[in-house]
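>
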Amino acid sequence: MEFTPFKLNFFTFFKLPSAFWSGVRVKSISAEICEVTVKHRWFNQNPFNSMYFAVQAMAAEFTTGSLVMLHIKESKKNISMLVAQNKSVFTKKATGRITFTCNQGNVIKQTIQKAIDTNEGQTIWLTSIGKNVKGEQVSEMQFEWTVKVRG
Numbered sequence: 001m002e003f004t005p006f007k008l009n010f011f012t013f014f015k016l017p018s019a020f021w022s023g024v025r026v027k028s029i030s031a032e033i034c035e036v037t038v039k040h041r042w043f044n045q046n047p048f049n050s051m052y053f054a055v056q057a058m059a060a061e062f063t064t065g066s067l068v069m070l071h072i073k074e075s076k077k078n079i080s081m082l083v084a085q086n087k088s089v090f091t092k093k094a095t096g097r098i099t100f101t102c103n104q105g106n107v108i109k110q111t112i113q114k115a116i117d118t119n120e121g122q123t124i125w126l127t128s129i130g131k132n133v134k135g136e137q138v139s140e141m142q143f144e145w146t147v148k149v150r151g
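Those letters in the sequence shown? Residues 1 to 151, by our numbering.
1. For Leu82, write down the residues that DSSP places opposite it in a beta bridge.
2. Check the DSSP bridge columns for Arg223 and list the partner residues they point to.
3. Considering only residues of the same chain and omitting the five flanking positions on each side of Ser128, which have a CB-CB separation below 7 Å?
4. Could you give the distance in angstroms between the alpha-carbon of Lys77 and the alpha-carbon of Pro47?
5. For the region 74-130, which segments carrying the beta strand (DSSP E) assignment without a break, of at least 3 residues, lie completely within its bounds, in sequence order?
6. Can you tell me which of the three DSSP states Ser50 falls into?
7. Kindly indicate which three-state DSSP category Ser22 falls into: helix, strand or coil?
8. For Met166, count neighbouring C-beta atoms within 10 Å of its own C-beta (all shown protein chains included) and say buried if the count is 16 or more, exposed if not.
9. For Ala94 versus Met51, is the C-beta distance shorter than 8 Å?
10. For the alpha helix (DSSP H) that Lys15 lies in, which residues bound it at each end?
11. Is it a yes or a no for the region 78-88 touching the region 11-24, going by three-plus beta-carbon pairs under 8 Å?
12. Using the Cβ count rule (16 or more neighbours within 10 Å means buried), how would you classify Phe143?
13. Residues bridged to Ile29 by DSSP?
14. Would Ser28 be called buried (16 or more neighbouring beta carbons within 10 Å of its own) or exposed?
15. Do the CB positions of Val138 and Gly151 come within less than 8 Å of each other?
16. Nearest to Gly105 by alpha carbon, out of Thr118, Leu16, Thr91 and Trp125?
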């Protein structure tokens, strides 16, 4: 699969339907940065009239996971990936359009290369920051990814 916003959004429709129907959309991806947006609406709200935390987590995880998938594909190796842990901090009500950004592509590339070189599983903590349209941080999500060369 080519890593374009259109193809990743198409991927969510079939492989992550709850994210797709909640409005999670990739806006941009490069070797270093992935941006995903989601808009607060009736379908993804909590009882406090803001975005449900799990919707924010889906969008944030997708920024990190997309970068991991991109670098696994570029390595041309058969590598498994899995989230082992996550942490979240919510600092403001998430209303309107929220943009999540992970900018750790270079660290991901190094971690995957280390997994290939050592043939041992590696872990990496990746951070995705969610900001509203005013540029105010609403949440910070961290995901511990494990990567391991198969076979």
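Positions of the beta carbon are idealized from the N, C-alpha and C atoms, including for glycine.
For this structure:
1. In the sequence shown, residue 82 corresponds to position 82, counting from 1. Leu82 is bridged by DSSP to Thr146.
2. Lying outside 1 to 151, the shown extent of the chain, residue 223 is not represented and no answer is given.
3. Here residue 128 is taken as the residue at index 128 of the sequence shown, counted from 1. These residues qualify, in order along the chain: Ala60, Thr63, Thr64, Phe100, Thr101, Cys102 and Met141.
4. If you number the sequence shown from 1, residue 77 lands on position 77. If you number the sequence shown from 1, residue 47 lands on position 47. So the two alpha carbons sit approximately 45 Å from each other.
5. The region 74-130 contains, as complete beta strand (DSSP E) runs of 3+ residues, the segments 79-90 and 97-102 (chain order).
6. In the sequence shown, counting from the first residue as 1, residue 50 sits at position 50. Residue state, collapsed to three classes: coil.
7. Position 22 of the sequence shown, counted from the first residue, corresponds to residue 22. Secondary structure of Ser22 (DSSP, three-state): helix.
8. The chain is shown only over 1 to 151; residue 166 falls outside these bounds and no answer can be derived.
9. As a working note, residue 94 is residue 94 in the sequence shown. As a working note, residue 51 is residue 51 in the sequence shown. A contact, by the Cβ cut-off of 8 Å.
10. Here residue 15 refers to the residue found at position 15 when the sequence shown is read from its first residue. Secondary structure note for Lys15: its alpha helix (DSSP H) is the uninterrupted segment Pro5 to Lys15.
11. Below 8 Å, too few C-beta pairs join the region 78-88 and the region 11-24 to call them touching: fewer than three.
12. Counting from one through the sequence shown, the residue named residue 143 turns up at place 143. Classification for Phe143: buried.
13. Taking the sequence shown and counting its residues from 1, one reaches residue 29 at position 29. Partner(s): Cys34.
14. By one-based count along the sequence shown, residue 28 stands at place 28. Under this definition Ser28 is an exposed residue.
15. Counting from 1 along the sequence shown, the entry for residue 138 is found at position 138. Counting from 1 along the sequence shown, the entry for residue 151 is found at position 151. Cβ distance not < 8 Å, so Val138 and Gly151 don't count as in contact.
16. Here residue 105 corresponds to residue number 105 of the sequence shown, with the count starting at 1. Nearest in C-alpha terms to Gly105, of all of Thr118, Leu16, Thr91 and Trp125, is Trp125.
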